[in-house]
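Read through the structure below, which is laid out as structure tokens, and then see the notes.
In my numbering, the protein residues as written are 412 to 790.
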């Protein structure tokens, strides 16, 4: 075994021992952003001192980044389209420019340091299976340690869930990351990880996926990437369009995604759908030409969701009206709901029955409903 490979095994062992000590004695599995940056900066410095830092000279990294971007974008799109059917949860992170910078900057620094470390160990230890195996186990162990506290281990079913939700996806992810790094350098893996991790800080909603479905997606996606890259690397040829076509690929993919999302939103067959606002009765909160996203409410949820102050969409004759609930009274065992537009001076002079309610307004999309309003007014 080469001297450099012994040093690499030693470095991996020290980091692993540090993780174990942290887990057994310190019991603080989640480092602060600053501590995480310091730790990984120190690890990269140790790597440079012990074995040196390799330069990323891969000739196919731009092509690899192109594939990574398109496939990861489509993967996230599929997740959110599934969310249209099963529902969404509100993102706990506040989406502001300052918070985005505050959250993504340390994430970028840590991911970059980790992937530089992975790249150097992979390149310098590629002839030693023990070094590569130790590297993969190290990253899997980190995933487990840092997410350990979010799971329960009191029953066999819960342990099984941890294996399916945390461990198996981590194995799949780290195998594909190490594989891509060995062939195309660390730039593509940084893009891959940043796209997946940063969505939590950029998008205000999170798909409410079943944990088993989410686990399957997290395993299947890296597997598809592996099959794609394995075929390309085996042929030693990237069968992509010229690099100057990257913008065209991105634009086409984005337009397709927007079209699919638009069809899903306006179709009304999913739990969430959108309708355009054709009057000024809800201004200034909701303006004419805006579109609102409705969530269908099941009968069992109406007791909790339908209450005074909530904005609902309901049928009144042949019209769909979006107004705020002004009062709820119960008569003969049934609710009688009165509504009022925020911009109207008087309460609507009709009673809304629960069966007339189409959904509760969950979000507003400014201006996008104008084409529909314009066409409706002329027809």
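Every residue, glycine too, gets a C-beta built ideally from N, C-alpha and C.
Using the rule of at least 16 other Cβ atoms within 10 Å of the residue's Cβ for burial, across every protein chain shown, is residue i buried or exposed?
{"i": "residue 652", "result": "With a pLDDT of 43 at residue 652, under the threshold of 50, the modelled position of that residue is not reliable, and no figure is offered here."}
{"i": "residue 696", "result": "exposed"}
{"i": "residue 469", "result": "buried"}
{"i": "residue 535", "result": "buried"}
{"i": "residue 618", "result": "buried"}
{"i": "residue 687", "result": "buried"}
{"i": "residue 584", "result": "buried"}
{"i": "residue 507", "result": "exposed"}
{"i": "residue 708", "result": "buried"}
{"i": "residue 422", "result": "buried"}
{"i": "residue 785", "result": "exposed"}
{"i": "residue 743", "result": "exposed"}
{"i": "residue 635", "result": "exposed"}
{"i": "residue 571", "result": "exposed"}
{"i": "residue 621", "result": "exposed"}
{"i": "residue 780", "result": "buried"}
{"i": "residue 703", "result": "buried"}
{"i": "residue 443", "result": "exposed"}
{"i": "residue 654", "result": "Reliability fails at residue 654, whose pLDDT of 47 lies under 50, so the model's placement of it is uncertain and the value that follows must be treated cautiously. It is exposed - the Cβ of residue 654 has fewer than 16 other Cβ atoms within 10 Å."}
Straight-line CA distance for residue i to residue j?
{"i": "residue 544", "j": "residue 415", "result": "16 Å"}
{"i": "residue 532", "j": "residue 538", "result": "11 Å"}
{"i": "residue 705", "j": "residue 721", "result": "12 Å"}
{"i": "residue 419", "j": "residue 542", "result": "7 Å"}
{"i": "residue 755", "j": "residue 749", "result": "13 Å"}
{"i": "residue 515", "j": "residue 524", "result": "14 Å"}
{"i": "residue 426", "j": "residue 591", "result": "23 Å"}
{"i": "residue 499", "j": "residue 487", "result": "14 Å"}
{"i": "residue 528", "j": "residue 417", "result": "16 Å"}
{"i": "residue 586", "j": "residue 547", "result": "7 Å"}
{"i": "residue 643", "j": "residue 540", "result": "23 Å"}
{"i": "residue 511", "j": "residue 609", "result": "9 Å"}
{"i": "residue 559", "j": "residue 432", "result": "14 Å"}
{"i": "residue 485", "j": "residue 491", "result": "10 Å"}
{"i": "residue 509", "j": "residue 616", "result": "18 Å"}
{"i": "residue 588", "j": "residue 640", "result": "11 Å"}
{"i": "residue 569", "j": "residue 463", "result": "43 Å"}
{"i": "residue 607", "j": "residue 638", "result": "19 Å"}
{"i": "residue 489", "j": "residue 614", "result": "15 Å"}
{"i": "residue 729", "j": "residue 625", "result": "41 Å"}
{"i": "residue 757", "j": "residue 774", "result": "25 Å"}
{"i": "residue 517", "j": "residue 460", "result": "24 Å"}
{"i": "residue 465", "j": "residue 458", "result": "10 Å"}
Assuming residue i contacts residue j (C-beta within less than 8 Å), just tell me the rounded distance between them.
{"i": "residue 526", "j": "residue 597", "result": "4 Å"}
{"i": "residue 574", "j": "residue 521", "result": "Actually they are not in contact, since the Cβ atoms of residue 574 and residue 521 sit about 26 Å apart, beyond 8 Å."}
{"i": "residue 753", "j": "residue 694", "result": "7 Å"}
{"i": "residue 685", "j": "residue 776", "result": "7 Å"}
{"i": "residue 765", "j": "residue 746", "result": "6 Å"}
{"i": "residue 552", "j": "residue 430", "result": "6 Å"}
{"i": "residue 734", "j": "residue 692", "result": "7 Å"}
{"i": "residue 595", "j": "residue 475", "result": "4 Å"}
{"i": "residue 778", "j": "residue 701", "result": "7 Å"}
{"i": "residue 698", "j": "residue 689", "result": "With a Cβ gap of about 11 Å, residue 698 and residue 689 do not count as contacting."}
{"i": "residue 682", "j": "residue 599", "result": "Incorrect: roughly 36 Å between the Cβ atoms, too far for contact."}
{"i": "residue 550", "j": "residue 467", "result": "Residue 550 to residue 467, Cβ: 19 Å. No contact."}
Who pairs with residue i in a beta bridge, going by DSSP?
{"i": "residue 494", "result": "Answer is none; residue 494 lacks a bridge partner."}
{"i": "residue 682", "result": "Per DSSP, none; premise fails for residue 682."}
{"i": "residue 618", "result": "499"}
{"i": "residue 597", "result": "Residue 597 pairs with nothing; no bridge assigned."}
{"i": "residue 705", "result": "684, 772"}
{"i": "residue 723", "result": "734, 771"}
If you measure from the CB of residue i, is any heavy atom of the ligand NAP nearer than 8 Å?
{"i": "residue 757", "result": "Among the components of this structure there are no ligands whatsoever, and the ligand NAP is therefore not found."}
Exercise for the section: Kindly confirm or deny that the region 478 to 498 and the region 595 to 611 touch, where touching means at least three C-beta pairs closer than 8 Å. Expected result: yes
Handout entry: contact_flag[the region 577 to 597, the region 734 to 747] where n(CB pairs < 8 Å) is 3 or more
Key = no
Practice task
Decide if the region 622 to 637 is in contact with the region 503 to 517; the criterion is three or more beta carbon pairs, one per stretch, under 8 Å apart.
Solution key: Contact between the region 622 to 637 and the region 503 to 517 is absent, because fewer than three Cβ pairs lie under 8 Å.
Practice task
Count the C-beta pairs between the region 718 to 735 and the region 759 to 773 that are closer than 8 Å, then say yes if the count reaches three, no if not.
Solution key: yes
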